[in-house]
Amino acid sequence: MKKWETTYNDNHLRLMRVHIGFMVFYILLACLYTFFAYSSTNMTVAQLLIACLLFFLPLIILHTSLAISAKNKLEISRKLSEIVFAFLLLAFPIGTIFSMLYFLPKTTWKMPNDDKK
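To get the working numbering, take the position in the sequence shown, counting from 1, and add 4.
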């Protein structure tokens with residue numbers, strides 16, 4: 005796998021923290037859905053929490069894998085993160101806020117030379 009070099013302060017760690025933040029956000033959102041749905045249904049809290057967490061599980065797994073690969077500076081993580089953040093632009097205002105945090109300090113990414121050994 006290709007790795008990337010940053011020209012500015014450890015951007016891979018910043019990207020990792022953003023994905024961890026999204027994981028925490030999705031877990032909190034599942035808990036909030038459980039809290040508000042409990043009064044309007046006859047399911048138990050445990051059943052609702054499991055259903056909500058299973059609903060958000062693909063997103064949590066996606067951000068977990070992107071956070072791990074960003075920590076390892078894999079190029080695929082950077083490219084997939086740009087695609088994920090492009091989709092998050094559609095989710096206003098949360099997507100707008102997170103995308104501004106991601107895209108405003110835009111830096112130039114430099115690939116390492118392939119002829120170096």
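Idealized CB from N, CA, C, for every residue including glycine. Please read these numbers as outputs of a predicted model, since none were measured by experiment.
One question on the structure: do residue i and residue j come within less than 7 Å of each other, judged by their Cβ atoms?
{"i": "T38", "j": "L58", "result": "no"}
{"i": "S81", "j": "L70", "result": "yes"}
{"i": "L63", "j": "Y30", "result": "yes"}
{"i": "K83", "j": "H16", "result": "no"}
{"i": "F60", "j": "A41", "result": "no"}
Considering Cα atoms alone, identify which of the options is closest to residue i.
{"i": "F89", "options": "L78, K75 and L66", "result": "L66"}
{"i": "D14", "options": "A74, S85 and L93", "result": "A74"}
{"i": "R21", "options": "S85, P97 and L94", "result": "S85"}
Leaving out the 5 sequence neighbours to the left and right, which residues in its chain are closer than 8 Å to residue i when beta-carbon positions are compared?
{"i": "T68", "result": "H23 and M27"}
Exposed or buried, residue i, counting other C-beta atoms within 10 Å across all chains shown (16 or more means buried)?
{"i": "S43", "result": "exposed"}
{"i": "L36", "result": "exposed"}
{"i": "L19", "result": "buried"}
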